[in-house]
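**Student:**
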Amino acid sequence: MKPERGTVPSLHSFRHALATLLADAGESSDEIAFPLGHANGNVTRSLYVHELADARRRAIRRDRIASAYGNLVETLDAANGRQTPVADRENARQIRR
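full-length UniProt numbering applies: residue 1 is where the sequence shown begins, and numbers increase by one.
Right under this line is the structure:
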């Protein structure tokens, strides 16, 4: 019996997770390209690395807003049923050091 679609992660989601974790750990795009079977790091950069940079920029922007307005951001997120991405904020703090 085949599981329902959406209940089991796809192979693509595992590849994407691997690339994201390696990039977040500081591996170069050329090093990440090899286990993914990409011809070179340019493909990897265009598909995965920019997403981490975008997440870090959002986290930095969110931290600046939180610094300026105290806990208002977290309060609004909680009121709207969202969780504040703590991991993204921690990554942003490390980048600024």
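All residues carry an ideal CB built from backbone N, CA and C; glycine is no exception.
When DSSP labels each residue in this structure, what does T7 get in the three-state scheme?
**Tutor:** The count along the sequence shown starts at 1 and reaches residue 7 at position 7. Reduced to three states, the DSSP call for T7 is coil.
**Student:** Taking C-beta to C-beta, are T44 and H38 nearer than 8 Å?
**Tutor:** Along the sequence shown, one-based indexing puts residue 44 at 44. Along the sequence shown, one-based indexing puts residue 38 at 38. For T44 and H38, yes; Cβs fall inside 8 Å.
**Student:** How should A17 be labelled, buried or exposed, when 16 other C-beta atoms within 10 angstroms of its C-beta is the threshold for buried?
**Tutor:** If you number the sequence shown from 1, residue 17 lands on position 17. By the 10 Å Cβ count, A17 comes out exposed.
**Student:** Nearest-angstrom Cα distance between R58 and H12?
**Tutor:** Your numbering for residue 58 matches position 58 in the sequence shown. Your numbering for residue 12 matches position 12 in the sequence shown. Going from the Cα of R58 to the Cα of H12 covers about 25 Å.
**Student:** May I ask which residues mark the beginning and end of the alpha helix (DSSP H) holding A59?
**Tutor:** Within the sequence shown, numbered from 1, the residue matching residue 59 stands at position 59. 50-69 is the extent of the alpha helix (DSSP H) around A59.
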